[in-house]
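Take a look at the structure below.
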Amino acid sequence: MKPPDMKLFLFLAAEILATAGRDSSGSSLSFLFVTDIHLDKKYRPGGAPSTFCREGVSGEKKAGFFGEPGCDIPPYTFEHAVEQMKGRVSSPDFVIIGGDTGAHDREQTLSSYFAAYLSSIRELKRSYPSVAVLPVLGNNDFPGMDFKDGPNGILDGYWEMWKDAIPGSQESAFKKCGVYSVEEKGVKMLILNTNYFSLSNAHDCRDESSACCRQLSWLEGELGKHAARKENVLVIGHHPPTAEYFHRAALSRLLGILKKHKGSIHGVLAGHIHKDTFFLYNSDGVHPGGEGGVEAADGFVAAAPSIVKNSQVRFRKYKYRGKAGLVDYTQYIVFMERRKGREVVTSKKEYSFREEYGTDGVSTAAFVRLNNQILSGSSSKRRFTQHVQAEL
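Take 28 as the starting number for the sequence shown in my numbering and just add one per residue.
What follows is the structure in structure tokens.
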């Protein structure tokens, strides 16, 4: 029998003691996390996937009414999806849109991207009129690939659209970098604009006057304030912070900030990669879930799956409780099936994180244990592999 790894044992023991010492009193609240909606007004039932389902091609597969693998979704599919969300989660405390409401179409105008985001918010507000809908900027929420330093027309336009959801005190930070700090029902969140860190952006975080560096300075300052007040926060961005997506200097500095303030961070939430997966980060870098042993970690990144993969909408309901932070998430799937010769929209619970993996919460320690269970070939590996969604 292989002796236990002492470093891993000590790390998990410390995490368990820290968790036990947290104030877990108070009632739980819940919030929805919906990301990568990718609305396409040009979607055409019967269109060919080779044209992104916008035009028919003789001899090719014809797209279904509600959606097709390899294509974005028509707005009415999202309308049906939100109806299913309402049926499954009737009264969340708030909703987060994780970015990328626009289609995969770089020929669009800025006004088209604005319209897609506004349409997404309006649809969610129709079902949840008294609930805050908090937006995040994705890479498919503006034309082109290079996000210019603010102030600019993109950030000015989104501020006008979103200012009812974002505290007025955050106007300057948002118009300069697309970031903001917000609190909803006692949950404190720092919303990042990860486009400035992205490899698709022309500039790395080397010039201290750049929006990239200003954003990192803002993040460090905000985390410092929360640490001084002994408060915990969620950090939310569109891209997960990995070398696959971030400039090296940006990633290095960001990880340093997250490590420095790990005691104040309840988790990092992301989208973009269209996969149901996670990452662990420490001084050695960022480690994709299930791809290598990790003895200890400074934190985790939970990446939620996309709306559009395989014409199946997935969304998450996170459960949050005071200083305990994220205690669970439940993932739901909205899908189309044929009944009596016609397509209908329905939904079901896909899984609960705690139930599926036998964890006591959504924490760094829980993800470290899960990561090592996956590597050991336990039943967790089969479940995890089943849930991971291939990138679109």
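Ideal Cβ positions, reconstructed from N, Cα and C, are used throughout, including at glycine.
Indicate the three-state DSSP secondary structure (helix, strand or coil) for residue i in the structure shown.
i, result
"Tyr-308", "strand"
"Ala-392", "helix"
"Ser-256", "Note on residue identity: the sequence assigns Arg, not Ser, to residue 256. In this structure, Arg-256 counts as coil in the three-state DSSP scheme."
"Pro-162", "strand"
"Met-172", "coil"
"Thr-221", "helix"
"Val-109", "helix"
"Lys-212", "coil"
"Arg-71", "coil"
"Phe-92", "coil"
"Ser-57", "strand"
"Gln-358", "strand"
"Ile-300", "coil"
If you draw a straight line from the alpha carbon of residue i to that of residue j, how long is it in whole angstroms?
i, j, result
"Ile-148", "Ser-403", "43 Å"
"Asn-399", "Gly-316", "9 Å"
"Asn-167", "Val-214", "27 Å"
"Phe-174", "Ser-199", "17 Å"
"Leu-219", "His-131", "22 Å"
"Glu-364", "Val-372", "7 Å"
"Phe-93", "Gly-298", "22 Å"
"Asn-222", "Tyr-272", "10 Å"
"Gly-73", "Val-361", "21 Å"
"Ser-117", "Val-163", "23 Å"
"Tyr-308", "Arg-369", "47 Å"
"Thr-412", "Ile-401", "9 Å"
"Leu-161", "Trp-245", "19 Å"
"Asp-420", "Asp-234", "Because the chain spans 28 through 419 in this model, residue 420 falls outside it and cannot be assessed."
"Val-389", "Gly-294", "8 Å"
"Asn-228", "Phe-169", "12 Å"
"Gly-352", "Gly-320", "25 Å"
Answer with buried or exposed for residue i, where buried requires no fewer than 16 other C-beta atoms within 10 angstroms of its C-beta.
i, result
"Ser-310", "exposed"
"Glu-249", "buried"
"Lys-252", "exposed"
"Ala-238", "buried"
"Met-216", "buried"
"Thr-386", "buried"
"Gln-358", "buried"
"Met-172", "exposed"
"Pro-156", "exposed"
"Lys-190", "exposed"
Can you tell me which of the options puts its alpha carbon nearest to the alpha carbon of residue i?
i, options, result
"Val-395", "Ala-329, Ser-208 and Ser-57", "Ala-329"
"Leu-66", "Lys-190, Leu-278, Tyr-223 and Phe-141", "Phe-141"
"Pro-119", "Gly-97, Thr-78, Phe-58 and Gly-73", "Phe-58"
"Gly-326", "Pro-332, Ile-300 and Leu-296", "Leu-296"
"Gly-86", "Phe-93, Gly-94, Pro-76 and Glu-95", "Pro-76"
"Tyr-347", "Ser-154, Leu-261, Tyr-378 and Leu-246", "Leu-261"
"Arg-256", "Ser-244, Arg-241, Cys-232 and His-288", "His-288"
"Tyr-207", "Gly-319, Ser-227 and Arg-241", "Arg-241"
"Ile-334", "Gly-180, Gln-111, Leu-246 and Ala-192", "Gln-111"
"Ile-64", "Pro-101, Lys-88 and Asn-228", "Pro-101"
Output needed for residue i: all residues of its chain with C-beta closer than 6 Å, excluding positions within five of it in sequence on either side, in chain order.
i, result
"Val-313", "Thr-269 and Phe-306"
"Arg-381", "Asp-355"
"Ser-139", "none"
"Glu-211", "Phe-121 and Ala-159"
"Ala-324", "Leu-307, Asn-309, Thr-391 and Val-395"
"Lys-286", "Asp-325"
Going by beta carbon distance, what residues of the same chain come within less than 8 Å of residue i, once the five residues before and after it are set aside?
i, result
"Arg-71", "Cys-80, Arg-81, Glu-82, Gly-83 and Ala-90"
"Leu-145", "Met-188"
"Glu-418", "Reliability fails at Glu-418, whose pLDDT of 42 lies under 50, so the model's placement of it is uncertain and no value is given."
Which residues in the same chain have their Cβ closer than 7 Å to the Cβ of residue i, if we skip the five residues on either side of it in sequence?
i, result
"Glu-150", "Phe-105, Glu-106 and Val-109"
"Pro-332", "His-301, Lys-302, Asp-303, Arg-341 and Gln-416"
"Arg-280", "Cys-232 and Leu-243"
"Pro-267", "Ala-297, His-299, Ile-300, Phe-306, Val-328 and Ala-330"
"Lys-203", "Gly-177, Pro-178, Ala-238 and Arg-241"
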